[in-house]
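To start, the structure itself, in structure tokens.
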Amino acid sequence: MSGRTFLDTNVLVYLFSSDEPGKQSRALSAVEELVRRGDAVISTQVMQELYAVLTRKLGLEADAAARCVESIAGLPVVESDGTFVLDAIRLAGAAHLSIWDALVVAAA
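Reminder that position 86 of the sequence shown reads as 128 in this note's numbering, one-by-one numbering, no gaps.
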């Protein structure tokens, strides 16, 4: 996937959280540069995880968290299908990853 950079949920959480200003600043710079170059991609799983973390762990109201997710929804999204999930399952077994982490790695 040359030229594409997968944005992990953690990077996006830092982007929308002011709890750690240094990490937020680095996340903002990195994401802005990737978007400017057209290299940033996300997955539906990352969108879901972002919403869950923003509401459950950071305590954002549902509508505020939804706006955060909406702000990244225009990025290219790696879609999952049956083959994608099976590839992730094989990767999970081979690399001793949780299925959730394997799905993220497979999307990258």
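In this text, a Cβ means the ideal position worked out from N, Cα and C, and glycines have one as well.
Notebook entry, point to check: How is the beta strand (DSSP E) around Ala108 delimited, first residue to last?
Noted result: For this step, residue 108 is matched to residue 66 along the sequence shown. Run containing Ala108: none in the beta strand (DSSP E); it sits in the alpha helix (DSSP H), 104-114.
Next item on the list: Find the nearest neighbour of Val120 within the set Trp142, Ser113, Thr86, judged by alpha-carbon distance.
Entry: Here residue 120 corresponds to residue number 78 of the sequence shown, with the count starting at 1. Measuring C-alpha to C-alpha distances from Val120 to each of Trp142, Ser113, Thr86 identifies Thr86 as the nearest.
Next item on the list: Jot down the residue ranges of each uninterrupted alpha helix (DSSP H) in the stretch 111-142, minimum 4 residues, whole runs only, in chain order.
Entry: Whole alpha helix (DSSP H) segments, 4+ residues: 124-137.
Check: When DSSP labels each residue in this structure, what does Ala72 get in the three-state scheme?
Finding: Here residue 72 refers to the residue found at position 30 of the sequence shown. Taken through DSSP and simplified to helix, strand or coil, Ala72 comes out as helix.
Check: Can you give the Cα-Cα distance for Glu91 and Arg78, rounded to whole angstroms?
Finding: Within the sequence shown, numbered from 1, the residue matching residue 91 stands at position 49. Within the sequence shown, numbered from 1, the residue matching residue 78 stands at position 36. Taking the straight line joining both Cα atoms gives about 24 Å.
Next item on the list: For Ser60, name the three-state secondary structure that DSSP assigns.
Entry: The count along the sequence shown starts at 1 and reaches residue 60 at position 18. Here Ser60 sits in coil by DSSP.
Next item on the list: With DSSP as the reference, label Ala150 as helix, strand or coil.
Entry: Translated into the one-based positions of the sequence shown, residue 150 becomes position 108. In this structure, Ala150 counts as coil in the three-state DSSP scheme.
Item checked: Whole-angstrom C-beta distance between Leu133 and Ala150, which should lie under 8 Å -> Here the question's residue 150 lines up with position 108 in the sequence shown. Here the question's residue 133 lines up with position 91 in the sequence shown. Not a contact, Cβ separation roughly 11 Å.
Check: Closest by CA to Met89, which one among Leu100, Glu74, Ala69, Glu112?
Finding: In the sequence shown, residue 89 corresponds to position 47, counting from 1. The option with the nearest alpha carbon to Met89 is Glu112.
Item checked: Reduced DSSP category for Asp50 - H, G, I as helix; E, B as strand; rest coil -> As a position in the sequence shown, residue 50 is number 8, starting the count at 1. Asp50 falls in the coil class under three-state DSSP.
Margin query: Within 10 Å of its beta-carbon, does Thr125 have 16 or more other beta-carbons around it, so buried, or fewer, so exposed?
Written below: In the sequence shown, counting from the first residue as 1, residue 125 sits at position 83. Result: exposed.
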